[in-house]
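Here the structure comes first, spelled out in structure tokens, and everything after it is commentary.
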Amino acid sequence: MQDSEASAAHAIAMRSMPPWRKVLPYLGTLLIFAIIFWRIPAGKVIQALEQAPALKFFGVFLPYSVIYWIIDSVCLTWVVRRFNQPFRLREILPIRASMYLLSLINTNLGQGGVAWYLHRKAQVPFLEILSSILFIALLEVYQLFLFSTAGVVLYRPVSATQAELVRTLRIVYAVAWGALAAMIIFFAQARRHSTIRAWISDSRAGSISRTFIAARPRDYAIVLAIKAPSFGLALLAQHFALGLYGITIPLVKLVLFLPLVFLAAALPISIAHLGTSQAAWLLFFSTNAPGAKILAYSLASHFTFMFCNGLLGLLFLPRAARELAALETAARMQPLAQEPLGK
Numbered sequence: 523m524q525d526s527e528a529s530a531a532h533a534i535a536m537r538s539m540p541p542w543r544k545v546l547p548y549l550g551t552l553l554i555f556a557i558i559f560w561r562i563p564a565g566k567v568i569q570a571l572e573q574a575p576a577l578k579f580f581g582v583f584l585p586y587s588v589i590y591w592i593i594d595s596v597c598l599t600w601v602v603r604r605f606n607q608p609f610r611l612r613e614i615l616p617i618r619a620s621m622y623l624l625s626l627i628n629t630n631l632g633q634g635g636v637a638w639y640l641h642r643k644a645q646v647p648f649l650e651i652l653s654s655i656l657f658i659a660l661l662e663v664y665q666l667f668l669f670s671t672a673g674v675v676l677y678r679p680v681s682a683t684q685a686e687l688v689r690t691l692r693i694v695y696a697v698a699w700g701a702l703a704a705m706i707i708f709f710a711q712a713r714r715h716s717t718i719r720a721w722i723s724d725s726r727a728g729s730i731s732r733t734f735i736a737a738r739p740r741d742y743a744i745v746l747a748i749k750a751p752s753f754g755l756a757l758l759a760q761h762f763a764l765g766l767y768g769i770t771i772p773l774v775k776l777v778l779f780l781p782l783v784f785l786a787a788a789l790p791i792s793i794a795h796l797g798t799s800q801a802a803w804l805l806f807f808s809t810n811a812p813g814a815k816i817l818a819y820s821l822a823s824h825f826t827f828m829f830c831n832g833l834l835g836l837l838f839l840p841r842a843a844r845e846l847a848a849l850e851t852a853a854r855m856q857p858l859a860q861e862p863l864g865k
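If you read the sequence shown in this note's numbering, its first letter stands for residue 523, the second for the next number, and so on.
What follows is the structure, encoded as structure tokens:
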């Protein structure tokens, strides 16, 4: 029943989505690039792209992509074992890699695909699995806040504009960390007081709040600790790749602004993380190199990382497809097995 309800809800949601919402990411991507190329001649960007050391970029980003995938899978395994079902890492690795193919189009598609697979595999209600996926997604954002907060503390602005931006970020991060603390306290109270817990359970967000209610402060800390190395490696990969391209950006400045580039890339207003990340690179780093070169680097590094993730996805796609087909077959056979023999 839960499985059919989840499938029906998903189908209704897809049918009820207005057409303009489906095309909005494409329009957003085109609009952002139109603004960018209005300011920066496309010819200069093409010339800069021709200077990109593609093979060297591949040598930098492929190892990073593999380590990122392993860390991502370890984190997902720990969370679902803690809050849902005792999955093993070797069960998570193939599906996590294959869903990177969906994430190339839209991050939410990749996250939803993982949640759907775990829901089918463990026969756990879809919204409860989705709650764990959202828990990880929230802490991925706060992992970026963590490093950028350190950058805010350490970075020394070199212009009045940067000084104003850093002051604004300090206020934003203070509010963000306060909001996280308030959320942890609220769900801690929900664990202790049945009235609050019942109020949440009876609301429309009941099932999707399950992991957040169960999570204790140490769970937040553990997930942040698991995920933190992935950004540290991203920082080193970008710093090294920038050097290969002849761009010098101080490491402290990367610590401050690179998380904001990643956050911009995750905004659901563009496709394949394109447009928003390029705009962020230009906003934060255009003083370190000509705009055309910064834009060319952001495109070259972005597509190289996407290509590496796509290779991982293709490598594990056959195995993931076999598992998904087996789960679908088992789901179809289950009602037949439950029918009385006399029928």
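Glycine residues also receive a C-beta, built at the ideal position from the N, C-alpha and C atoms.
- DSSP places Gln711 inside the alpha helix (DSSP H), whose first and last residues are 682-714.
- CA-CA distance, Ala556 to Trp638, rounds to 36 Å.
- For the pair Phe583 and Arg642, the Cα-to-Cα distance works out to about 33 Å.
- Here Gln573 carries a coil assignment [DSSP, helix/strand/coil].
- Shown here, Phe583 sits in a helix according to DSSP, grouped into three states.
- Here Leu746 is not near Leu631, since their CB atoms are 8 Å or more apart.
- Contact between Val596 and Leu611 holds: CB atoms are separated by about 7 Å, below the 8 Å threshold.
- The C-alpha of Ile558 lies about 45 Å from the C-alpha of Arg603.
- Leu805 has its alpha-carbon roughly 21 Å from the corresponding atom of Leu766.
- The C-beta distance from Thr599 to Phe657 rounds to 14 Å, too long to fall under 8 Å, and the pair is not in contact.
- Per DSSP, reduced to three states, the secondary structure at Ala818 is helical.
- DSSP, reduced to helix, strand and coil, places Met828 within a helical segment of the structure shown.
- By the CB criterion at 8 Å, Tyr586 and Ala756 fall inside the cutoff.
- With the rule of 3 Cβ pairs closer than 8 Å, the region 771-778 counts as touching the region 669-676.
- Of Ile730, Ser681, Pro608, Ile718, the smallest CA-CA separation from Ile655 is found for Ile730.
- Arg618 carries a helical assignment under DSSP once its states are collapsed to helix, strand and coil.
- Secondary structure note for Leu626: it is in no alpha helix (DSSP H), with a DSSP letter that is neither H nor E.
- Remark: C-beta atoms of Ser823 and Gln800 do not approach each other more closely than 8 Å.
- Membership of Gln800 in the alpha helix (DSSP H) is indicated by the continuous run 798-807.
- Exposure of Val680 is indicated by the presence of fewer than 16 other C-beta atoms within 10 angstroms of its C-beta.
- Pairing Ala802 with Ala786 gives a Cβ-Cβ distance under 8 Å.
- Relative to the Cα of His795, the nearest Cα in the group Thr690, Asn810, Ile718, Leu624 belongs to Leu624.
- Collapsing the DSSP output to three states places His795 in coil.
- Contact check for Lys815 against Ala570 passes: the beta carbons are separated by less than 8 Å.
- In terms of Cα proximity to Ile562, the closest of Pro608, Pro812, Arg689 is Pro812.
- Leu789 sits in coil when the DSSP states are folded into three classes, being neither helix nor strand.
- Judged by DSSP in its simplified three-state form, Val646 adopts coil rather than helix or strand.
- Exclusion of the five residues before and after Gly832 leaves Tyr622, Leu623, Leu626 as the residues of its chain whose Cβ lies within less than 8 Å of its Cβ.
- At the C-beta level, Phe605 and Ala685 stay beyond 8 Å of one another.
- Cβ-Cβ distances below 8 Å link Phe827 to Phe583, Tyr586, Ser587 in the same chain, with the five nearest sequence neighbours on each side left out; the list follows chain order.
- When rounded, the separation of the alpha-carbon atoms in Arg713 and Asp741 is 15 Å.
- Measuring C-alpha to C-alpha distances from Glu662 to each of Leu691, Thr690, Tyr590 identifies Tyr590 as the nearest.
- Our two residues, Thr809 and Arg844, have alpha carbons roughly 50 Å apart in a direct line.
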